[in-house]
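Student:
Protein chains in written order, with the numbering used here: chain Y, 144 to 404; chain H, 535 to 940.
Shown next as structure tokens:
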């Protein structure tokens, strides 16, 4: 782990150009350009609004601007999580010629894939700030927790990106498996809904390590309430564990990449 | 500072034929073993084979080291192990210093990006920092001669332009250890010359070069010491001319007699007799001896020798018939020996000898022995091109005024 961090620091220019390549290619010869960064969150928010309208019609409770803000605040990190994993899973196979022909620390491929999505995440977050301002969601001291949640989310995403990219190199169907899981994962994660709607079943949903992050972000950004520290700690532990395990597996398998791709 | 930037010690590499894993049931235990146990065992299972066996050598600082061998001898595998793309099954490889490989120099290019963007992308992939690239950018562009196309996506480049840009970036990495694998076949003649010059320049800067090539002449010109690989084993390590001689004479040992053939060329040797020379000077005389034996009587034969260059183009051929011998005959158990003498009015190069036993009239061969022997013609600065046409200057003078309009 320590060695691999040192190697990545030494190769930061490589990481930079690879990330820049991903972004550049995505926006070259494309109709939408930078709009791509907000397309997916916007679609998720629209879907969430439809679901929330359904909830409010069932319960008879009118839809509030807070609900809209909550869905928007959850949609942006979720879009980052999903697209990073989708993109990183095929990052090693997409760069097969580099994997088999030139020696590089191979972690750079899934990490660059994640970083390029992080740039989209940043762009979408700026738009989100505008949306939240329009919705009159104010500023509060609790916002200081936000960077902690984003950091945990990035660590968790990086871990999954690393291990899935290696798995997909050995088995091509990992990509489709990931695709299926990501499509339905939104139902198991509190993006459209909030876990407290489930009453005493809420902790079961919180076992999904992404759930405490989305709940926590909503708490600090929309409700201006302190986050649940135990659940945040749980997510942080999961993220650190997944990243450490992912790096160990990746390094264990790396010698066989060139022969197996 | 150590004097051996590269040390390869007892390296074995095992490959598997066919698909890697048939099913999940194979894979899960195999991956588990790889993750949690030590190095793979040194025995071979059913579909495995050794690509390299017990390869050891070291390369000294500042030297150019050649690796030669036939196709499939394991040259590319050893390079992949040295560069770290693959790991050896057994044995150790120690590399000290920044290494750069001129292998697949365009692998890092992205077709949709422009030449300028690809210089940065490929440069960092090959191990430079962005600051270094910025600093050498003009030199890279000048070397590639692609100034006019810098802002064109490289997918619109011709394959020659593509390779030139790749080599230009790679040539400016300024490594301590440079690995070169057959890249000199890219680009036109002038660009190849430029690449060779650049390599000499890199060598002058105290770098170590590892050069893998089929072009024995280039290896001889560049490398002080060389390694000969054969079927994954080291046959010889030492001064380049001795290694090359070992490589070439290995092919001259004759071939195994196929038991079902009735008549057979057994040996093709280069003379003068009792010499094992393989390098000759332009204009020198070379004797070529062809021996053949028959198990049943044959008649109406002629012996044909053909000298071809590295690309298998026929440089010259002759035969006993054209040189005045009548139809040759062999009785069962007899040996036919014919010795030809040629004068090597050839330019510098590598040449191979093919020998044939032809039917006297119909030209249908009884037997043929391709690449039976190989020899070099050493360069003389006055003979350039393909052949030595024995030039002489007959007239040369300067006149004033004649024919020039006032």
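Just so you know, even glycine gets a beta-carbon here, dropped at the ideal spot from N, CA and C.
1. May I ask you to report which of helix, strand or coil DSSP gives residue 148(Y)?
2. Enumerate in chain order the residues of its own chain whose CB-to-CB distance from residue 147(Y) is below 8 Å, with the five nearest sequence positions on each side excluded.
3. By the criterion of Cβ-Cβ separation under 7 Å, what are the contact partners of residue 157(Y) in chain H?
4. To the nearest angstrom, how far is it from the Cα of residue 152(Y) to the Cα of residue 916(H)?
5. Excluding the five sequence neighbours on either side, which residues of its own chain have a C-beta within less than 6 Å of the C-beta of residue 274(Y), listed in chain order?
6. Which whole runs of the beta strand (DSSP E) in the region 844 to 926 of chain H are 3 residues long or more, in chain order?
7. Helix, strand or coil for residue 821(H), going by three-state DSSP, please let me know.
8. Residue range of the alpha helix (DSSP H) that residue 394(Y) falls in?
9. Any idea if residue 840(H) is buried or exposed, counting beta-carbon neighbours within 10 angstroms, 16 or more meaning buried?
10. Just the Cα atoms here: how many angstroms apart are residue 158(Y) and residue 255(Y)?
11. Mind checking the region 222 to 245 of chain Y against chain H and listing, in chain order, the residues whose C-beta falls within less than 7 Å of any C-beta there?
12. Check whether chain H comes within 8 Å of residue 401(Y), counting only Cβ atoms and requiring the distance to be less than that.
13. Looking only at DSSP bridge pairs, what is residue 199(Y) linked to?
14. Does residue 923(H) pass the burial test, meaning 16 or more other C-beta atoms within 10 Å, or should it be called exposed?
15. Within the 8 Å Cβ cut-off, does residue 601(H) reach chain Y?
16. Excluding sequence positions up to five away, which residues of its chain have a Cβ less than 7 Å from the Cβ of residue 370(Y)?
17. Less than 8 Å between CB atoms is the rule here; does residue 408(Y) satisfy it with respect to chain H?
18. Pull up the DSSP beta-bridge partners for residue 805(H), would you.
19. Compute the Euclidean distance between the alpha carbons of residue 643(H) and residue 677(H), then round it to the nearest angstrom.
20. At a CB-CB cut-off below 7 Å, which residues of chain Y make contact with residue 621(H)?
21. Throw me the rounded Cβ distance for the residue 894(H) and residue 855(H) pair, which I believe falls under 8 Å.
22. Suppose contacts are defined by Cβ-Cβ distances below 8 Å. Is residue 761(H) in contact with residue 753(H) by that definition?
23. Please report the straight-line C-alpha distance between residue 751(H) and residue 298(Y), rounded to a whole angstrom.
24. Enumerate in chain order the residues of its own chain whose CB-to-CB distance from residue 233(Y) is below 7 Å, with the five nearest sequence positions on each side excluded.
25. What does the Cβ neighbour count give for residue 929(H), buried or exposed, with the cut at 16 atoms within 10 Å?
26. Does DSSP put residue 541(H) in a helix, a strand or coil?
27. On the DSSP bridge list, what partners appear for residue 169(Y)?
28. Less than 8 Å between CB atoms is the rule here; does residue 654(H) satisfy it with respect to chain Y?
29. List, in chain order, every chain Y residue whose beta-carbon is nearer than 8 Å to that of residue 644(H).
30. Mind checking if residue 505(H) is an interface residue toward chain Y, Cβ cutoff 8 Å exclusive?
31. Considering only residues of the region 687 to 733 of chain H, which uninterrupted beta strand (DSSP E) runs meet the minimum length of 3 residues and lie entirely inside it, listed in chain order?
32. I'd like to know if residue 320(Y) contacts chain H, where contact means its C-beta is closer than 8 Å to some C-beta of that chain.
33. Which residues does DSSP list as the beta-bridge partners of residue 773(H)?
34. Suppose the cutoff is 6 Å on Cβ atoms and the five residues either side in sequence are ignored; what does the same chain contact list for residue 357(Y) look like?
35. Look at the Cβ atom of residue 711(H), then the Cβ atom of residue 686(H), and state whether they are nearer than 8 Å.
36. Would you kindly work out how many angstroms separate the C-alpha atoms of residue 832(H) and residue 622(H), rounded to a whole number?
Tutor: The short version:
1. By 1-based counting over the first chain, the position of residue 148(Y) is 5. Of the three classes helix, strand and coil, the one that applies to residue 148(Y) here is helix, per DSSP.
2. Within the first chain, residue 147(Y) is the residue found at index 4, counting from 1. So the list reads 248, 250, 390, 394, once near-sequence residues are dropped.
3. Counting from one through the first chain, the residue named residue 157(Y) turns up at place 14. Within chain H, the residues near residue 157(Y) are 658, 659.
4. Position 9 of the first chain holds residue 152(Y). Position 382 of the second chain holds residue 916(H). Their Cα atoms are separated by approximately 55 Å.
5. Locating residue 274(Y) in the first chain gives position 131, counting from the first residue. Around residue 274(Y): 215.
6. Counting only runs of 3 or more, we get 848 to 853, 862 to 864, 869 to 877, 883 to 893, 899 to 911.
7. Residue mapping note: residue 821(H) aligns to position 287 of the second chain, counting from 1. Taken through DSSP and simplified to helix, strand or coil, residue 821(H) comes out as strand.
8. Start at 1 with the first residue of the first chain, and residue 394(Y) comes out as number 251. Residues 372 to 396.
9. By 1-based counting over the second chain, the position of residue 840(H) is 306. Buried is the call here.
10. Walking along the first chain from the start, residue 158(Y) turns up at place 15. Walking along the first chain from the start, residue 255(Y) turns up at place 112. Their backbone Cα atoms lie some 6 Å apart in a straight line.
11. So the close ones are 240, 241, 243, 244, 245.
12. Sequence index remark: in the first chain, residue 401(Y) carries index 258 (1-based). Yes, residue 401(Y) counts as interfacial toward chain H.
13. Position 56 of the first chain, counted from the first residue, corresponds to residue 199(Y). Residue pairing by DSSP places residue 199(Y) opposite no residue, since no beta bridge is assigned to it.
14. Looking up residue 923(H) in the second chain gives position 389. Exposed: under 16 other Cβ atoms inside 10 Å.
15. Numbered from its first residue, the second chain carries residue 601(H) at position 67. No, residue 601(H) lies away from the interface with chain Y (no Cβ there is under 8 Å from its Cβ).
16. If you number the first chain from 1, residue 370(Y) lands on position 227. Counting only Cβ-Cβ distances below 7 Å, and skipping sequence neighbours, we find 288, 359, 362, 363.
17. The question about residue 408(Y) has no answer here: the residues shown for chain Y are numbered 144 through 404.
18. In the second chain, the residue the question calls residue 805(H) occupies position 271. DSSP lists 821(H) as partners of residue 805(H).
19. For this step, residue 643(H) is matched to residue 109 along the second chain. For this step, residue 677(H) is matched to residue 143 along the second chain. Spanning the two alpha carbons is a distance of roughly 18 Å.
20. The sequence position of residue 621(H) within the second chain is 87, counting from 1. Ordered by position in chain Y, the residues that pass the 7 Å Cβ test against residue 621(H) are 398.
21. Counted from its first residue, the second chain places residue 894(H) at position 360. Counted from its first residue, the second chain places residue 855(H) at position 321. Contact flag correct, Cβ pair sits at about 6 Å.
22. Working through the second chain from its first residue, we reach residue 761(H) at position 227. Working through the second chain from its first residue, we reach residue 753(H) at position 219. No, the Cβ-Cβ distance between residue 761(H) and residue 753(H) is not below 8 Å.
23. What you label residue 751(H) is simply residue 217 of the second chain in a count that begins at 1. What you label residue 298(Y) is simply residue 155 of the first chain in a count that begins at 1. Distance between the alpha carbons of residue 751(H) and residue 298(Y) is about 54 Å.
24. As a position in the first chain, residue 233(Y) is number 90, starting the count at 1. Answer for residue 233(Y): 311, 318, listed in chain order.
25. Start at 1 with the first residue of the second chain, and residue 929(H) comes out as number 395. The residue is exposed, with fewer than 16 neighbouring Cβ atoms inside 10 Å.
26. Locating residue 541(H) in the second chain gives position 7, counting from the first residue. Strand, per DSSP.
27. In the first chain, counting from the first residue as 1, residue 169(Y) sits at position 26. None; residue 169(Y) has no bridge partner.
28. Position 120 of the second chain, counted from the start, is the residue given in the question as residue 654(H). With 8 Å as the cut-off, residue 654(H) counts as an interface residue toward chain Y.
29. Position 110 of the second chain, counted from the start, is the residue given in the question as residue 644(H). Going along chain Y in sequence order, the residues near residue 644(H) (Cβ under 8 Å) are 164, 168.
30. The structure shown does not extend to residue 505(H), since chain H spans only 535 to 940, so no value can be given for it.
31. The region 687 to 733 of chain H contains these whole beta strand (DSSP E) runs: 711 to 715.
32. For this step, residue 320(Y) is matched to residue 177 along the first chain. By this cut-off, residue 320(Y) is not an interface position.
33. In the second chain, the residue the question calls residue 773(H) occupies position 239. Paired residues: 759(H).
34. Stepping through the first chain from its first residue, residue 357(Y) is reached at position 214. Result list for residue 357(Y): 217, 333, in chain order.
35. Sequence index remark: in the second chain, residue 711(H) carries index 177 (1-based). Sequence index remark: in the second chain, residue 686(H) carries index 152 (1-based). Their beta carbons are not under 8 Å apart, which means residue 711(H) does not touch residue 686(H) by this criterion.
36. Position 298 of the second chain, counting from 1, holds the residue named residue 832(H). Position 88 of the second chain, counting from 1, holds the residue named residue 622(H). Those two C-alpha atoms are separated by around 54 Å.
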